[in-house]
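Asks: My structure is below; once you've seen it, I'll send some questions.
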Amino acid sequence: MPDTKPLYELQLEYAIDQANAGTATFRFPAIDELLYESALGSTFWTLTDQAGREVAHDDAWPDAKRLDKGSHSLRMRVVSTDAARLEAMRDLELCVDRPIGRTISITAYPDRLSASRGDAALRAESLEIGQQRGFFLATPSAVRSSTEWSAGDELLGEIRYGKSDSSRFGSQHRPEAYPLRISISAAKNAASERSTTSKPTGAKKSPKQQLDEAVFDAKLRVLESHAAARDERGFEQLAAELLEQRPRHLPVLVARLKLLDDEQHRKQHLPRVVEAADAVLKQINTRQLAQYFGVRHDPESVAERERHESMTEQRATLIDTLYRKGRALGYMELPDVVAKHPIRDQAALDAAFEANFRELAQWVDTTEQQYVLLHIRAERRQQRYGEALALLNRYLP
3 MPDTKPLYEL
13 QLEYAIDQAN
23 AGTATFRFPA
33 IDELLYESAL
43 GSTFWTLTDQ
53 AGREVAHDDA
63 WPDAKRLDKG
73 SHSLRMRVVS
83 TDAARLEAMR
93 DLELCVDRPI
103 GRTISITAYP
113 DRLSASRGDA
123 ALRAESLEIG
133 QQRGFFLATP
143 SAVRSSTEWS
153 AGDELLGEIR
163 YGKSDSSRFG
173 SQHRPEAYPL
183 RISISAAKNA
193 ASERSTTSKP
203 TGAKKSPKQQ
213 LDEAVFDAKL
223 RVLESHAAAR
233 DERGFEQLAA
243 ELLEQRPRHL
253 PVLVARLKLL
263 DDEQHRKQHL
273 PRVVEAADAV
283 LKQINTRQLA
293 QYFGVRHDPE
303 SVAERERHES
313 MTEQRATLID
323 TLYRKGRALG
333 YMELPDVVAK
343 HPIRDQAALD
353 AAFEANFREL
363 AQWVDTTEQQ
373 YVLLHIRAER
383 RQQRYGEALA
393 LLNRYLP
């Protein structure tokens, strides 16, 4: 038609590296969910694999797509009658959302100092209408020490300030969740690299040492991908190779424990969970940790801050491992587990549970919500049912 305005098209290409097979959601925050009748015009993208085959397509209304492992290319096409508007979109940002396949718990602290030091966590409490309570969240050690993500990545989650209550209606049944976001900075990434590859000051590394460490770190990332995909055979083969090079390497031992202690599979091999936990505990100098945290620290120098971060991460690993081991020992007494794997030595199991629980209680208040189920089990084992019930009622809505 004579009065029809000319249409202009902008094409943008993005390289996508899918480390493992799984789902991915492609978002363009600046233009997502704009109607075709908007001033922008139409949008459409296609995704092709290394062979040039189209594997997914969509408009700017995000939806999860399943992708195979490998490199992909995404081409976004934006059509508009406004050439200047398209020119301004040449640096259009693409965000790729991927599920990480596990839950990362974040601890709340009563004040900022406690959060920075990893001191006692905030206790659960009920608030009256109009009452306020401030708290601080700290980045979990599992995020700080992991090599799964790099600078520029963001971890997206949610936080709720109440428990579900089936007796209530509407939003009171399940309180509304608020978005929670952890941004991975370049500083964190550099710190992670320093913590995994650094040596004492003055020890200059040869080119061969640098290459060996780079190869080891690359294999460690592959190991984490095996764990995320629950490829136990591939994990164990690579873990054995890494542990042959560094028999006391804690991240490998921790990764094995978490793989075995998966929620859906742990009951199938509880003795292996306990064995993996013991392997981690053997590498942690608890006496050194107790001496360090026996006094308060206010690290100022770079070396002091690095040592404090290392000790804090070791303590977090120790606590997490003790809890996992205690849970595995307790699960051995569950009726469905006993039916398949009868207890051979009840006295030995009792002694192992009690010793592990006493050690955990030296580091945390086991009546706090994240540990209370293990505390309740300990009370029930001693036939203190009233104490167990009181603790259970404390955390019921």
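Using the working numbering, you'd call the opening residue of the sequence shown number 3 and step up by one each time.
No residue lacks a Cβ here, since even glycine has one placed at the ideal position from N, Cα and C.
None of the values given here were measured: they were computed from a predicted structure.
Rounded to whole angstroms, what is the Cα-Cα separation between Ile108 and Gln293?
Replies: Looking up residue 108 in the sequence shown gives position 106. Looking up residue 293 in the sequence shown gives position 291. Those two C-alpha atoms are separated by around 26 Å.
Asks: In three-state DSSP terms, what is Pro209?
Replies: If you number the sequence shown from 1, residue 209 lands on position 207. Helix at Pro209.
Asks: On the DSSP letters alone, give me the boundaries of the beta strand (DSSP E) that Asp19 sits inside.
Replies: Within the sequence shown, numbered from 1, the residue matching residue 19 stands at position 17. Its beta strand (DSSP E) spans residues 10–20.
Asks: Asp51 to His74, Cα distance in whole Å?
Replies: Your numbering for residue 51 matches position 49 in the sequence shown. Your numbering for residue 74 matches position 72 in the sequence shown. Rounded to whole angstroms, Asp51 to His74 spans 5 Å at the Cα level.
Asks: Would you decide whether Tyr373 is buried or exposed? Buried here means 16 or more other CB atoms lie within 10 Å of its CB.
Replies: Working through the sequence shown from its first residue, we reach residue 373 at position 371. Answer is buried; the Cβ neighbour count reaches 16.
Asks: Quick one: what's got a C-beta closer than 7 Å to Ile369's C-beta in the same chain, skipping five residues either side?
Replies: Indexing the sequence shown from 1 puts residue 369 at position 367. Reading the sequence as shown, one finds Thr at residue 369 and not Ile. Around Thr369, the same chain offers His377, Leu393 as residues with beta carbons nearer than 7 Å, after the five sequence neighbours per side are excluded.
Asks: Just to confirm my understanding: we take Gly72, look at its own chain, exclude 5 residues before and 5 after, and list those with CB closer than 7 Å. What are they?
Replies: Here residue 72 refers to the residue found at position 70 when the sequence shown is read from its first residue. Gln20, Asp51, Gln52, listed in sequence order.
Asks: Is the stretch 300–314 close to the stretch 270–285, with three or more CB pairs under 8 Å?
Replies: In short, these stretches do not touch, since the Cβ pair count stays below three.
Asks: Give every residue of the same chain whose Cβ lies closer than 7 Å to the Cβ of Lys269, excluding the five residues on either side of it in the sequence, and list them in chain order.
Replies: Translated into the one-based positions of the sequence shown, residue 269 becomes position 267. For Lys269, where only same-chain residues beyond five positions count, the Cβ hits under 7 Å are Tyr333, Val339.
Asks: At least one CB of chain B closer than 8 Å to the CB of Ala110: is that the case?
Replies: Note that chain B does not occur in the displayed structure, where there is just one protein chain.
Asks: Going residue by residue through the stretch 66–106, where are the continuous alpha helix (DSSP H) segments of at least 4 residues, counting only ones entirely within it?
Replies: 85–89
Asks: Please state if the CB of Leu244 and the CB of Leu222 are separated by a distance shorter than 8 Å.
Replies: Taking the first residue of the sequence shown as position 1, residue 222 is located at position 220. Taking the first residue of the sequence shown as position 1, residue 244 is located at position 242. It is a contact, given that the beta carbons lie within the stated cut-off.
Asks: Could you spell out where the alpha helix (DSSP H) holding Pro337 opens and where it closes?
Replies: The count along the sequence shown starts at 1 and reaches residue 337 at position 335. Its alpha helix (DSSP H) spans residues 337–342.
Asks: Might you give, ordered along the chain, the residues of its own chain that have their beta carbon closer than 7 Å to the beta carbon of Ala281, omitting 5 neighbours on each side?
Replies: Looking up residue 281 in the sequence shown gives position 279. Correct list, in chain order: Leu255.
Asks: In angstroms with no decimal places, state the Cα-to-Cα distance between Gln134 and Leu398.
Replies: Counting from 1 along the sequence shown, the entry for residue 134 is found at position 132. Counting from 1 along the sequence shown, the entry for residue 398 is found at position 396. Roughly 21 Å between the two C-alpha positions.
Asks: Please go through the same chain and pick out, in chain order, the residues whose beta-carbon is closer than 6 Å to the beta-carbon of Asp70, but skip the five residues on each side of it.
Replies: Along the sequence shown, read from residue 1 onward, the residue named residue 70 stands at position 68. Only Ala23 meet the Cβ criterion.
Asks: In whole angstroms, what is the alpha-carbon distance linking Phe359 and Gly328?
Replies: Walking along the sequence shown from the start, residue 359 turns up at place 357. Walking along the sequence shown from the start, residue 328 turns up at place 326. Separation of Phe359 and Gly328 (C-alpha to C-alpha, rounded to the nearest whole angstrom) is 7 Å.
Asks: Report all residues from its chain with a CB closer than 7 Å to the CB of Thr198; omit the five preceding and five following residues, and keep chain order.
Replies: As a working note, residue 198 is residue 196 in the sequence shown. Residue confidence is low: Thr198 scores 41 on pLDDT, short of 50, so the model does not pin down where it sits. Its coordinate-derived value is still stated next. Result list for Thr198: Asp219, in chain order.
Asks: Using alpha carbons as the reference points, say which of Leu213, Asp214, Arg258, Ser44 lies closest to Asp233.
Replies: The residue labelled residue 233 in the question sits at position 231 within the sequence shown. Checking every option, the nearest Cα to that of Asp233 belongs to Arg258.
Asks: For Asp99 versus Arg29, is the C-beta distance shorter than 8 Å?
Replies: Counting from one through the sequence shown, the residue named residue 99 turns up at place 97. Counting from one through the sequence shown, the residue named residue 29 turns up at place 27. Contact flag set, yes.
Asks: With C-beta atoms as the reference, is Ile18 less than 8 Å away from Leu76?
Replies: Along the sequence shown, read from residue 1 onward, the residue named residue 18 stands at position 16. Along the sequence shown, read from residue 1 onward, the residue named residue 76 stands at position 74. A contact, by the Cβ cut-off of 8 Å.
Asks: To the nearest angstrom, how far is the alpha carbon of Ala400 from that of Asp367?
Replies: Missing from the structure shown is residue 400; the chain here goes from 3 to 399 and no further.
Asks: Given a threshold of 16 other Cβ atoms within 10 Å of its Cβ, counted over all protein chains shown, does Lys210 qualify as buried or as exposed?
Replies: Residue numbering aside, residue 210 sits at position 208 when the sequence shown is read from its first letter. With fewer than 16 Cβ atoms within 10 Å of its Cβ, Lys210 is classed as exposed.
Asks: Would you tell me roughly how many angstroms separate the C-alpha atoms of Phe46 and Ala58, rounded to the nearest one?
Replies: Working through the sequence shown from its first residue, we reach residue 46 at position 44. Working through the sequence shown from its first residue, we reach residue 58 at position 56. Cα to Cα, Phe46 sits roughly 11 Å from Ala58.
Asks: Secondary structure at Ile286, three-state DSSP: helix, strand or coil?
Replies: Looking up residue 286 in the sequence shown gives position 284. DSSP places Ile286 in coil when its eight states are reduced to three.
Asks: Output the distance between the C-alpha atoms of Arg114 and Pro142, rounded to the nearest integer angstrom.
Replies: Here residue 114 corresponds to residue number 112 of the sequence shown, with the count starting at 1. Here residue 142 corresponds to residue number 140 of the sequence shown, with the count starting at 1. Approximately 15 Å between the Cα atoms of the pair.
Asks: For Ile321, which of helix, strand or coil comes out of DSSP?
Replies: Here residue 321 refers to the residue found at position 319 when the sequence shown is read from its first residue. Ile321 falls in the helix class under three-state DSSP.
Asks: To the nearest whole angstrom, what separates the beta carbons of Gly154 and Ile186, a pair I think is in contact under 8 Å?
Replies: Within the sequence shown, numbered from 1, the residue matching residue 154 stands at position 152. Within the sequence shown, numbered from 1, the residue matching residue 186 stands at position 184. The pair is a contact, with the Cβ atoms about 7 Å apart (cut-off 8 Å).
Asks: Under the rule that 16 or more other beta-carbon atoms within 10 Å means buried, what is Glu15, buried or exposed?
Replies: Along the sequence shown, one-based indexing puts residue 15 at 13. It is exposed - the Cβ of Glu15 has fewer than 16 other Cβ atoms within 10 Å.
Asks: Quick check: what's the CA-CA separation for Ile102 versus Ser152?
Replies: In the sequence shown, residue 102 corresponds to position 100, counting from 1. In the sequence shown, residue 152 corresponds to position 150, counting from 1. Cα to Cα, the separation comes out at about 14 Å.
Asks: With DSSP as the reference, label Pro181 as helix, strand or coil.
Replies: By 1-based counting over the sequence shown, the position of residue 181 is 179. Strand, per DSSP.
Asks: Jot down the residue ranges of each uninterrupted alpha helix (DSSP H) in the stretch 112–168, minimum 4 residues, whole runs only, in chain order.
Replies: 114–119, 143–146
Asks: What did DSSP end up calling Asp403 once you bin it into helix, strand or coil?
Replies: Residue 403 is absent from the structure shown; the chain starts at 3 and stops at 399.
Asks: For Glu56, list the residues DSSP reports as bridge partners.
Replies: On the sequence shown, position 54 is the one that residue 56 refers to. For Glu56, which the question treats as bridged, DSSP gives the partners Thr50.
Asks: Tell whether a beta-carbon distance below 8 Å holds between Ala1 and Tyr10.
Replies: Here the chain has residues from 3 to 399 only, and residue 1 is not among them.
Asks: Which one of Lys260, Gly164, Glu356, Pro112 has the shortest CA to CA distance from Ala231?
Replies: Here residue 231 corresponds to residue number 229 of the sequence shown, with the count starting at 1. It is Lys260 whose Cα lies nearest to the Cα of Ala231.
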